[in-house]
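Numbered according to UniProt numbering, the sequence shown spans residues 1 to 333.
C-beta atoms are modelled at their ideal positions from N, C-alpha and C, and glycine is treated no differently.
What follows is a set of notes on a single structure, which appears directly below.
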Amino acid sequence: MAPSHCDTNNQSNAVPVAMPAAVVRLGKPTPRIGFGTASATLGQAEGRAGVTQAVLHALDAGYRHFDTASSYNTEAAVGDAVAQAVRAGKIASRDDLYITTKLWIADAHPGRVLPALQKSLWNLRMEYVDMYLIHFPVSMWPPAVEGAIMVVKDDLVEMDMKGVWEEMEECHRRGLARAIGVSNFTCKKLEYLLSFTKIPPAANQVVNCNPSSFGMSRTVIFLWNVLYCRLSLSPPTYSVTHLPSFLFLYEFFPCCLHFPFAHVLIENEQVEVHPYCRQNKLRAYCRDKGIQLCAYSPLGGKGAPWANNSVMDSPILEQIAHEKGKTVAQVGV
Numbered sequence: 001m002a003p004s005h006c007d008t009n010n011q012s013n014a015v016p017v018a019m020p021a022a023v024v025r026l027g028k029p030t031p032r033i034g035f036g037t038a039s040a041t042l043g044q045a046e047g048r049a050g051v052t053q054a055v056l057h058a059l060d061a062g063y064r065h066f067d068t069a070s071s072y073n074t075e076a077a078v079g080d081a082v083a084q085a086v087r088a089g090k091i092a093s094r095d096d097l098y099i100t101t102k103l104w105i106a107d108a109h110p111g112r113v114l115p116a117l118q119k120s121l122w123n124l125r126m127e128y129v130d131m132y133l134i135h136f137p138v139s140m141w142p143p144a145v146e147g148a149i150m151v152v153k154d155d156l157v158e159m160d161m162k163g164v165w166e167e168m169e170e171c172h173r174r175g176l177a178r179a180i181g182v183s184n185f186t187c188k189k190l191e192y193l194l195s196f197t198k199i200p201p202a203a204n205q206v207v208n209c210n211p212s213s214f215g216m217s218r219t220v221i222f223l224w225n226v227l228y229c230r231l232s233l234s235p236p237t238y239s240v241t242h243l244p245s246f247l248f249l250y251e252f253f254p255c256c257l258h259f260p261f262a263h264v265l266i267e268n269e270q271v272e273v274h275p276y277c278r279q280n281k282l283r284a285y286c287r288d289k290g291i292q293l294c295a296y297s298p299l300g301g302k303g304a305p306w307a308n309n310s311v312m313d314s315p316i317l318e319q320i321a322h323e324k325g326k327t328v329a330q331v332g333v
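The structure is reproduced here in structure tokens:
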């Protein structure tokens, strides 16, 4: 279902219309528009009830794809909203939805992946997720306090990618994750992953506008400086706008290429894409490999403490919107 327009009181005033979905080989078709559930305060300001209400409003508006993560502190709220929606008859069952969650860096170690997903499923009160992603291509030593999500710079370590991915594949084989993927992986990291995968990633979510320079050191910089706002950023270099925008779009490239070490096709790439963050290199890579591209934050995340407001404040987009009788958001999407 496609989102409908809502009034200033966040009440739906239009009937949602059918929204196309991208057909993938792993799991069910993915709705082309999704609703993210992270916030700049990692759910602290909104509270569990606030996030739950946001998800319920999104369901009323027609969203059926919801993205969360263990580090967002919103899995339980998403589960609450889904349970309430089923009881109220908004949806027939959880199976009507597409749910994505992510493996946190402290759990990105062999032996911790499956328990981490089981914990996420317990939070969500679900038997499976439609997509499970490795959140970052880096690991961190588990914190002294189990479940803490604070990034400790000195505890960041190189990921045992092969060992972690083998357990991601086990999550898929057990039916706990209908599809598995990665987040913040560059083309180079994807190529390395593909050299040993039995089940290639179905998604990759990237935050840096310059993927060619996003190596291990950039990952550390991102985690330390951006996600937890420890240091100031330069907007022209980083455009990290996922958290407040709550929107995902899918651009589909037909899946047609096999990889030499892969048993199935790679189908999906999730990245930040908007008119001021075009991801040309990564988009070309996806097109060449037959990978479906998922764009998050197409509206730029205006209002976030680290965001670049170039999309919603763009005079060019405003002019186009005026000429076409649309809103800037509609043009941006």
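With DSSP as the reference, label residue i as helix, strand or coil.
| i | result |
| --- | --- |
| G36 | strand |
| L257 | Here the model assigns L257 a pLDDT of 25, short of 50, so the residue's position is not dependable, and the following value carries that caveat. DSSP places L257 in coil when its eight states are reduced to three. |
| I320 | helix |
| Y228 | The predicted position of Y228 is uncertain, since its pLDDT is 38 and thus under 50; a value taken from the coordinates is nonetheless stated next. Coil at Y228, not helix or strand. |
| Y276 | coil |
| K119 | helix |
| L133 | strand |
| P331 | Residue identity differs from the one stated: residue 331 is Val in this sequence, not Pro. Three-state DSSP puts V331 in a helix. |
| A148 | coil |
| A22 | strand |
| T52 | helix |
| A295 | strand |
| V264 | With a pLDDT of only 34 at V264, under 50, the local geometry of the prediction cannot be trusted, and no value is derived from it. |
| G163 | helix |
| E46 | coil |
| Y250 | In this prediction, Y250 scores a pLDDT of 45, lower than 50, which makes its location untrustworthy; no coordinate-derived value is stated. |
| V113 | helix |
| A106 | helix |
| L223 | Low local confidence applies: a pLDDT of 48 at L223 is under 50, so the model's placement there is unreliable, with the coordinate-based value given in what follows. Here L223 sits in helix by DSSP. |
| A168 | Position check: residue 168 holds Met in this sequence, whereas Ala was assumed. Correct three-state label for M168: helix. |
| D288 | helix |
| K281 | helix |
| A202 | coil |
| A58 | helix |
| V313 | It should be pointed out that residue 313 corresponds to Asp in this sequence rather than to Val. The answer is coil: DSSP assigns D313 none of H, G, I, E or B. |
| S71 | helix |
Can you tell me which residues form a DSSP beta bridge with residue i?
| i | result |
| --- | --- |
| Y63 | Note: Y63 sits in no beta bridge, so no partner. |
| V157 | S139 |
| T30 | A22 |
| A177 | V129 |
Taking 8 angstroms as the threshold (C-beta atoms), are residue j and residue i in contact?
| i | j | result |
| --- | --- | --- |
| residue 384 | M131 | The shown model of the chain, from 1 to 333, leaves out residue 384, and the question about it has no answer. |
| A85 | L59 | yes |
| A38 | T30 | no |
| P201 | G181 | yes |
| G36 | D80 | no |
| I99 | M140 | no |
| W104 | H135 | yes |
| G332 | L299 | yes |
| residue 339 | L121 | No answer is possible for residue 339: the residues shown for the chain start at 1 and end at 333. |
| P142 | A108 | no |
| H65 | I33 | yes |
| T41 | A77 | no |
| A69 | K102 | yes |
| V129 | A54 | no |
| M161 | Y192 | yes |
| I149 | S93 | no |
| V311 | P275 | yes |
| P137 | K189 | yes |
| A179 | G50 | no |
| S183 | L117 | no |
In the DSSP assignment, find the unbroken beta strand (DSSP E) run with residue i in it and report its ends.
| i | result |
| --- | --- |
| Y98 | 98-103 |
| V182 | 180-183 |
Which two residues bound the contiguous alpha helix (DSSP H) that contains residue i?
| i | result |
| --- | --- |
| G79 | 75-88 |
| E127 | Segment: none, E127 is in no alpha helix (DSSP H) and carries neither H nor E. |
| K189 | 187-194 |
How about residue i: is its C-beta nearer than 8 angstroms to some C-beta of chain D?
| i | result |
| --- | --- |
| K281 | The structure shown contains no chain D; it holds only a single protein chain. |
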